[in-house]
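In this note's numbering, the protein residues as written are 405 to 1002. Glycine included, every Cβ here is placed at the ideal spot set by N, Cα and C. A short write-up of the structure that comes next.
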């Protein structure tokens, strides 16, 4: 009996040890797995470590970017005075603020001349994903480039998702390729004084901008502003959001009527500036343009369409062409640090949302409670589940089709829409007839596929099929000509339907052949505000579909903190835990057997 009691005590002792030991081992391992620079304090604990990795000094970093001059001037001024630039001998930042369509060509041409473009900064996930596909982004693999520990250190302060949107892109091995440096939401900026002047309602969703109430003063005075997708990555992203929020077919209907209501600009900043100065009542904008407008004009307000927007991480990445990976890594890490580049966004002339919330704990951050509130609202915004892969797979096709049918054919579109909206608002056509005309104005038209010679329409499947082929000049030219001509014919045919309805024909016999005539023959007029707004407001709710529920296809992100990581198999912490559990099971089984024998 005494021997049995001793055995039980022994088993219980082993049981306790088997539970505690793995925990102790795991804690020891975690303590041992530190950053290469040890326990140094902020700011920039990685700086001395990076300085030890290279003797290269007097370095001029070349940065390709979509950021505007205000951001670039401020960044250059502050960074070159920072201990990061001074310690590593970075003497200049050379910015290349060029359009996204020229990034690939520019990087390649600089490389041919023996000049490396070192960093890409700003422009949105789709542009960076495309650059990654072309092999321009350098994966943050610390086994090959230990300097990237500095970036990963700063990245660990940033959650993997904000408002359901990924803040970084990783490959199938969990190696990060780009990391967000700021976040953005998308919506519209309104000028309340203009809304009141023209007696039109404040929009709350994308489809509101397709309403005929915003067409009351067309074509002389457009009240809405949008930008050419080939000239604005932020507007491109908003068009993609609309196509996913409403579905492909309904989304193109919203985009067509929105364009019909709008003045189309060559830049997104042009849209913002005209809202601020009161040339238009509503402009679709990225969030920080809206916050800037609110700062400059108290009549302005930035609106996020509830349940119809997303939050984007605006990326930064080291480029594979760089000759200075240590210095490039230092700049990227500085941009992500709450003591460095994250403070750039707080400037009243910039007003962007930082991605690292720790910046609001710094002295400059505490001076911007308004931006902190905007950050917190954006972090919990009701966003659609945005499919980044789908956006990338159709982006060029979407931009080209938008350009041909809504920008290049805009004159015809706007004047036909103006006549339809006026007839409806004046009570000359019924709601049924109005909806019929909208369907005709926006319905897909047939064109010949240059690849097969077969007739087709611009479905989402076709957009995916033709997307990459549009980089070929011959294919691009053929389709742009066909799409523009097809769109103009569609608008003119719709105008014929309107004339027949006004003449008393209803329902329309569509089988009757008609020859399209010229759309309302008003010559282009100066776009200036009308002096006497008086018509009664009529709000028309556009049909909508439920938001799509596709999920972003980003791989799980590897965010290593140790100086060494296992080459494969289970991590050591997991292995010790498994061993502990197995020992525990053996002991419990043994204890049960011993009890039964008794």
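| query | result |
| --- | --- |
| Hey, how far is the Cα of residue 810 from the Cα of residue 558? | 43 Å |
| Contact defined as beta carbons within less than 8 Å: I believe residue 465 pairs with residue 743. What is the distance between those atoms, to the nearest angstrom? | Contact flag wrong, Cβ pair sits at about 19 Å. |
| Assign residue 462 to one of two classes, buried (16 or more other C-beta atoms within 10 Å of its C-beta) or exposed (fewer than that). | exposed |
| So for residue 764, helix, strand or coil by DSSP? | helix |
| Determine contact between the segment 680 to 689 and the segment 833 to 852, defined as no fewer than three beta-carbon pairs at a distance below 8 Å. | no |
| Quick check on the DSSP output: the alpha helix (DSSP H) that includes residue 555 runs from which residue to which? | 553 to 559 |
| If you follow the beta strand (DSSP E) that residue 581 is in, where does it begin and where does it stop? | 580 to 595 |
| Given this structure, state the Cα-to-Cα distance separating residue 755 from residue 775, to the nearest angstrom. | 7 Å |
| Could you pull the DSSP bridge partners for residue 565 from this structure? | 570 |
| Using the C-alpha atoms, what's the distance from residue 688 back to residue 782? | 17 Å |
| On the criterion of 16 or more Cβ atoms from any shown chain inside 10 Å, does residue 528 qualify as buried, or is it exposed? | buried |
| Mind checking which residues open and close the alpha helix (DSSP H) that includes residue 754? | Run containing residue 754: none; DSSP gives neither H nor E here. |
| Just grab the DSSP bridge partners of residue 888 for me. | Paired residues: none, contrary to the question. |
| Beta-carbon within less than 6 Å of residue 479's beta-carbon, same chain only, minus the 5 sequence neighbours each way: which residues are those? | 748 |
| Relative to the ligand NAP, is the shortest distance from any of its heavy atoms to the C-beta of residue 543 smaller than 6 Å? | Because no ligand of any kind appears in the structure shown, any question about the ligand NAP cannot be addressed here. |
| Look up residue 464 in the DSSP assignment and say whether it is helix, strand or coil. | strand |
| Looking at residue 801: is its Cβ nearer than 7 Å to the Cβ of residue 552? | no |
| Counting only the same chain and skipping the five closest in sequence on each side, list residues whose C-beta sits under 7 Å from that of residue 785. | 567, 589, 708, 713 and 715 |
| At the level of alpha carbons, what is the spacing between residue 575 and residue 536? | 10 Å |
| Can you grab the Cα-Cα spacing for the pair residue 737 / residue 460, in whole Å? | 18 Å |
| For residue 674 and residue 631, which I take to be in contact (beta-carbon distance under 8 Å), what is that distance rounded to the nearest angstrom? | 7 Å |
| Going by DSSP, what residue range makes up the alpha helix (DSSP H) through residue 1015? | Because the chain here runs from 405 to 1002, residue 1015 falls outside it and cannot be looked at. |
| In chain order, what are the residue ranges of uninterrupted beta strand (DSSP E) at least 3 long that sit wholly in the segment 617 to 702? | 628 to 631, 666 to 669 and 686 to 690 |
| Taking all protein chains shown into account, decide if residue 858 is buried (16 or more other Cβ within 10 angstroms of its Cβ) or exposed. | exposed |
| In the structure shown, what three-state DSSP assignment does residue 945 receive? | In this predicted model, residue 945 has a pLDDT of only 38, less than 50, meaning its place in the structure is not dependable; the value taken from the coordinates is given anyway. Correct three-state label for residue 945: coil. |
| How far does the beta strand (DSSP E) with residue 509 in it reach, from first residue to last? | No beta strand (DSSP E) contains residue 509, which is instead part of the alpha helix (DSSP H) from 507 to 516. |
| Are the CB atoms of residue 532 and residue 582 nearer to each other than 7 Å? | yes |
| Need the endpoints of the beta strand (DSSP E) that residue 720 sits in, please. | 715 to 722 |
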